[in-house]
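Novice: Dumping the structure here so I can ask a few things about it.
Protein chains in written order, with this note's numbering: chain S, 23 to 302; chain L, 381 to 720; chain C, 371 to 650.
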């Protein structure tokens, strides 16, 4: 009986539940004034010197290099986050060991820790005279102030996305499938590849994509550690700031608009992925 | 440029007048000035501001507080253009104040108003090297030797880096007998030796001192001295090249802001204070070369002797230098080939 | 069987070990170094660093900004969740995407758009100048940039929960004669209170820690427009590394408190869920 009324909330709403007008007005009004209008100002500014100028601003080799650096490092970091994230999610859901709850809670740390704090902390850790950096110097690896540093920062911010996407799937994964596979003589690797991976693939891809999307826009944690060398370790958000500081408003707006389009595309992909994951 | 008399006359005129304007029973006017400055002046103005507020002529009339904002010179100018209400700007190079003037926030002839090109203090570009100078860096030539790591910030965003660039470029021109192509080749090699390009002068200093990267830091003389002072372990030393550029960081009152806020008088007194013996002494004590001959003599031992050339002599002023070297697609963009 | 069991135990131990190492390096060490560096010169120096007037002003501003922006985010989030979860209308999924947009837009863009809209040369610049209204480089601009990045936080927590809960209870209350507002305060709010608090908590953490967006609009006026994350950067550049880490440690502590409270709320939430599920 209760369920019979549920679709009514969708079908004939105004009769039953009030407040559509008010809540819709607040929602769209806030979005329009605080999000869409400012974004429109940016898009308009980016096109204020015409489409050719917009294209030229993006076709600049330093801008293209920044996009390459940003995309490559966000992608690499998302892949590492996916591997580490899957490992953490697996261990946290499947095993009981001392400190498990502690680690489980700590996974959200990058969500809560300000990016600037993460930036100076990671820089202090990975600088040639830092705790980790000093260990890497004899190996000839420098992380801080190289593109590698960007990757380290982005793994930090991306990791929780993967863990939190995969964890619920692993928790809900019926143990009997694994059990059945085991009874049929499957090896652990086979079980992992044939039973577990297919089940959590959609969630893993979703988490990976979210980590990637976040990595594309990340600023605070990266700029401290990246070295910010044009063409090599300069990320797109920093380039926006630099363009702005060179009084190049249209250039900054053009790069911002391009990033906005990428963000929108990523959101569409994530929505699709979540729908796909939910459908499974 | 202007004779020193101008200043003393100005002070002689303005300060007693200011004092006379106070009605005896009236409370002092509370004034908050905002000084938008560039990166390495943090320590300088931390000392200048209270000294200014304590000046008898100032304290008699105003209860003054000076707020500071620091950042890359270009970034700071951009903020002022976008509406940051600076009463005075004290930036790294004239081009940045020109940009503020071009945006209509202060009169175009700003640099002719206060004495000495509107620069109450000057500096130059020197080398900061690791203790004992293990790589034997003595002159500009040494910066392009293979295997030398040079730390300098990004000339696109840092005023100090532009002075660095021009000082090196002038040295390269001298070496090449004025051949521009060779000078560019020199700069190309120099930037091949640059492992990190920070956005600001202070960032570059920290990269060199705290993070231990690089063999030599191209730095403002004041910044190099400060880095030595901050380093308790004595891990650095300053190498003064035989010739370098005379860096003139200019100051200006932002007309539009002071007229709207009614702070012109205090703002002008603030800048004039920089030229007084007391102001000049504080500059010198913070390793900025004072304009005042008397103060310069008193601090003679601090500042090493070297041949100094101005940007007007060598590059025809900031507008030309900017268009030739730092505009998009100009010489810096041509010589900077990262990944080499 | 036993061979495989022992094998399994070994693999288990290795996986747990690996997960602990990954969590330690990626999550633990950045947090640890912040605390170590903050107390490098002892507790007295630490307290002195925090008692600095500019730092105190930064803390005050940060709290103020968070208060303003979280209020907006909360009202928006409740309104958005109400209209998305309780009604169906054309463009609903588009609205959902736009709500998510600030999540995937780079924070730098959130700042840039404020400058392009409200700056002296922006769309509204001449108007604001005529009436002597200051937005950028002042509190309003910082709040607007912060609202931009935190806007989805509360909505994102509430929408899935309210969709899952359905509208039966509200409909029952309404049919019994309760007004719309009564229904909201007495039925809806108690049902969503833990999710709402979680959203507020996360929005607050983000608001207090935002760096990129605020850095573009702040103007970096000491004692006036520097928030704590900006103060961290400034102290870092002022040769006051320990003070920078001291302020950073306060932000890190805030992150830990946020995580702790979130954990507590989640436990409450699952607790009430369990209670609600029993009668059904």
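Virtual Cβ for every residue (Gly too), placed ideally from N, Cα, C.
The beta strand (DSSP E) spanning residue 505 of chain L covers which residue range?
Specialist: Stepping through the second chain from its first residue, residue 505 of chain L is reached at position 125. Start and end: 501-510.
Novice: Can you give me the Cβ contacts of residue 405 of chain L inside the same chain, cut-off strictly under 7 angstroms, excluding the 5 residues immediately before and after it?
Specialist: By one-based count along the second chain, residue 405 of chain L stands at place 25. Bear in mind that a pLDDT of 45 at residue 405 of chain L, under 50, signals an unreliable position, so the model cannot answer this.
Novice: For residue 601 of chain C, count neighbouring C-beta atoms within 10 Å of its own C-beta (all shown protein chains included) and say buried if the count is 16 or more, exposed if not.
Specialist: Within the third chain, the letter at position 231 stands for residue 601 of chain C. Looking at its Cβ environment, which holds 16 or more other Cβ atoms inside 10 Å, residue 601 of chain C is buried.
Novice: Roughly how many angstroms lie between the CA atoms of residue 563 of chain C and residue 451 of chain C, to the nearest whole one?
Specialist: Reading the third chain from its first residue, position 193 is the one you call residue 563 of chain C. Reading the third chain from its first residue, position 81 is the one you call residue 451 of chain C. C-alpha separation (whole angstroms): 13 angstroms.
Novice: At the level of alpha carbons, what is the spacing between residue 470 of chain C and residue 55 of chain S?
Specialist: The residue labelled residue 470 of chain C in the question sits at position 100 within the third chain. The residue labelled residue 55 of chain S in the question sits at position 33 within the first chain. Approximately 16 angstroms between the Cα atoms of the pair.
Novice: Between which two residues does the beta strand (DSSP E) holding residue 724 of chain L run?
Specialist: Absent from the structure is residue 724 of chain L, since the part of chain L shown begins at 381 and ends at 720.
Novice: Mind checking which residues open and close the alpha helix (DSSP H) that includes residue 293 of chain S?
Specialist: Taking the first residue of the first chain as 1, we reach residue 293 of chain S at position 271. Per DSSP, residue 293 of chain S belongs to the alpha helix (DSSP H) from 271-301.
Novice: Considering only their Cβ atoms, is the gap separating residue 513 of chain C from residue 438 of chain C smaller than 7 angstroms?
Specialist: Position 68 of the third chain, counted from the first residue, corresponds to residue 438 of chain C. Position 143 of the third chain, counted from the first residue, corresponds to residue 513 of chain C. Result yes, Cβ atoms of residue 438 of chain C and residue 513 of chain C sit closer than 7 angstroms.
Novice: Hey, does residue 167 of chain S have any beta-carbon neighbour from chain L nearer than 7 angstroms?
Specialist: In the first chain, counting from the first residue as 1, residue 167 of chain S sits at position 145. Residue 167 of chain S counts as touching chain L.
Novice: Would you mind giving the Cβ-Cβ distance between residue 567 of chain L and residue 548 of chain L, rounded to the nearest angstrom? I have them listed as a contact below 8 angstroms.
Specialist: To locate residue 567 of chain L, count along the second chain from 1; it is residue 187. To locate residue 548 of chain L, count along the second chain from 1; it is residue 168. Sure, about 7 angstroms apart at Cβ, within 8 angstroms.
Novice: Residue 616 of chain L: which of L:533, L:600, L:712 and L:588 sits nearest, CA to CA?
Specialist: For the purposes of this step, residue 616 of chain L is identified with residue 236 of the second chain, where counting begins at 1. Closest option to residue 616 of chain L, Cα to Cα, is L:588.
Novice: When every heavy atom of the ligand COA is checked, does at least one fall within less than 6 angstroms of the C-beta of residue 579 of chain C?
Specialist: The ligand COA is not part of this structure, which contains no ligands at all.
Novice: Any idea which residues DSSP pairs residue 625 of chain L with across the strands?
Specialist: Mapped onto the second chain, residue 625 of chain L falls at position 245. Paired residues: L:689.
Novice: Which same chain residues, not among the five before or five after residue 520 of chain C, have their C-beta less than 6 angstroms away from its C-beta?
Specialist: By 1-based counting over the third chain, the position of residue 520 of chain C is 150. If we look at residue 520 of chain C and ignore the five residues flanking it on each side, its Cβ neighbours are 439, 443, 573, 576 and 577.
Novice: Would you mind giving the Cβ-Cβ distance between residue 137 of chain S and residue 240 of chain S, rounded to the nearest angstrom? I have them listed as a contact below 8 angstroms.
Specialist: To locate residue 137 of chain S, count along the first chain from 1; it is residue 115. To locate residue 240 of chain S, count along the first chain from 1; it is residue 218. Right, their Cβ atoms sit about 7 angstroms apart.
Novice: For residue 442 of chain L versus residue 409 of chain L, is the C-beta distance shorter than 7 angstroms?
Specialist: To locate residue 442 of chain L, count along the second chain from 1; it is residue 62. To locate residue 409 of chain L, count along the second chain from 1; it is residue 29. In contact: residue 442 of chain L and residue 409 of chain L (Cβ atoms closer than 7 angstroms).
Novice: Under 7 angstroms, Cβ to Cβ, is there at least one residue of chain C near residue 119 of chain S?
Specialist: Position 97 of the first chain holds residue 119 of chain S. Closer than 7 angstroms: yes.
Novice: What would DSSP say about residue 409 of chain L, mapped onto helix, strand or coil?
Specialist: As a first step, residue 409 of chain L must be located in the second chain, where it is residue number 29. DSSP places residue 409 of chain L in strand when its eight states are reduced to three.
Novice: Taking the C-alpha atoms as reference points, what is the distance between residue 468 of chain C and residue 484 of chain C?
Specialist: Counting from 1 along the third chain, the entry for residue 468 of chain C is found at position 98. Counting from 1 along the third chain, the entry for residue 484 of chain C is found at position 114. Cα-Cα distance, rounded: 18 angstroms.
Novice: Tell me residue 45 of chain S's beta-bridge partners as DSSP assigns them.
Specialist: One-based indexing of the first chain puts residue 45 of chain S at position 23. Per DSSP, none; premise fails for residue 45 of chain S.
Novice: Any C-beta of chain L sitting closer than 7 angstroms to the C-beta of residue 297 of chain S?
Specialist: Position 275 of the first chain, counted from the start, is the residue given in the question as residue 297 of chain S. Chain L contact via Cβ: absent.
Novice: Report yes or no: is there a C-beta of chain S within less than 7 angstroms of the C-beta of residue 385 of chain C?
Specialist: Your numbering for residue 385 of chain C matches position 15 in the third chain. For residue 385 of chain C, the answer is yes, since a Cβ of chain S falls inside 7 angstroms of its Cβ.
Novice: Please return the same chain residues whose Cβ sits closer than 6 angstroms to the Cβ of residue 487 of chain L, not counting the five positions on each side in sequence.
Specialist: The residue labelled residue 487 of chain L in the question sits at position 107 within the second chain. 635.
Novice: Opposite residue 598 of chain L in the DSSP bridges: which residues?
Specialist: To locate residue 598 of chain L, count along the second chain from 1; it is residue 218. Residue 598 of chain L pairs with L:507.
Novice: Measure the C-alpha to C-alpha separation of residue 469 of chain L and residue 416 of chain L and round it to an integer number of angstroms.
Specialist: Indexing the second chain from 1 puts residue 469 of chain L at position 89. Indexing the second chain from 1 puts residue 416 of chain L at position 36. Roughly 5 angstroms between the two C-alpha positions.
Novice: Which residues mark the beginning and the end of the alpha helix (DSSP H) in which residue 166 of chain S is found?
Specialist: In the first chain, counting from the first residue as 1, residue 166 of chain S sits at position 144. No alpha helix (DSSP H) holds residue 166 of chain S; DSSP gives it neither H nor E.
Novice: Quick check on residue 503 of chain L: buried or exposed, where buried means 16 or more other Cβ atoms within 10 Å of its Cβ?
Specialist: For the purposes of this step, residue 503 of chain L is taken as the residue at position 123 of the second chain. Looking at its Cβ environment, which holds 16 or more other Cβ atoms inside 10 Å, residue 503 of chain L is buried.
Novice: Measure the alpha-carbon distance for residue 690 of chain L versus residue 701 of chain L and round it to whole angstroms.
Specialist: What you label residue 690 of chain L is simply residue 310 of the second chain in a count that begins at 1. What you label residue 701 of chain L is simply residue 321 of the second chain in a count that begins at 1. Residue 690 of chain L and residue 701 of chain L: Cα-Cα distance of roughly 12 angstroms.
Novice: From what residue to what residue does the beta strand (DSSP E) around residue 683 of chain L run?
Specialist: The sequence position of residue 683 of chain L within the second chain is 303, counting from 1. Taken as a continuous stretch (DSSP letters only), residue 683 of chain L belongs to no beta strand (DSSP E), as it is neither H nor E.
Novice: Kindly indicate which residue of S:231, S:38 and S:94 has the alpha-carbon position closest to the one of residue 107 of chain S.
Specialist: Here residue 107 of chain S is taken as the residue at index 85 of the first chain, counted from 1. Measuring from the Cα of residue 107 of chain S, the nearest candidate turns out to be S:231.
Novice: Could you check the C-alpha separation between residue 89 of chain S and residue 401 of chain C for me, to the nearest Å?
Specialist: Counted from its first residue, the first chain places residue 89 of chain S at position 67. Counted from its first residue, the third chain places residue 401 of chain C at position 31. Their Cα atoms are separated by approximately 30 angstroms.
Novice: Which of the three DSSP states is assigned to residue 476 of chain C in this structure?
Specialist: Translated into positions along the third chain, residue 476 of chain C becomes position 106. In this structure, residue 476 of chain C counts as coil in the three-state DSSP scheme.
Novice: Just to check my reading of the structure: residue 184 of chain S and residue 233 of chain S have Cβ atoms closer than 8 angstroms, yes? What is that Cβ distance to the nearest angstrom?
Specialist: For this step, residue 184 of chain S is matched to residue 162 along the first chain. For this step, residue 233 of chain S is matched to residue 211 along the first chain. Yes, residue 184 of chain S and residue 233 of chain S are in contact; Cβ-Cβ is about 6 angstroms, under 8 angstroms.
Novice: Less than 7 angstroms between the C-beta atoms of residue 591 of chain L and residue 149 of chain S, yes or no?
Specialist: Locating residue 591 of chain L in the second chain gives position 211, where the first residue counts as 1. Locating residue 149 of chain S in the first chain gives position 127, where the first residue counts as 1. Yes.
Novice: Mind checking who residue 415 of chain L pairs with in its DSSP beta bridge?
Specialist: Numbered from its first residue, the second chain carries residue 415 of chain L at position 35. Answer is L:448 and L:468.
Novice: Quick check: is the beta carbon of residue 497 of chain C nearer than 7 angstroms to any beta carbon in chain S?
Specialist: As a working mapping, residue 497 of chain C is identified with position 127 in the third chain. With 7 angstroms as the cut-off, residue 497 of chain C does not count as an interface residue toward chain S.
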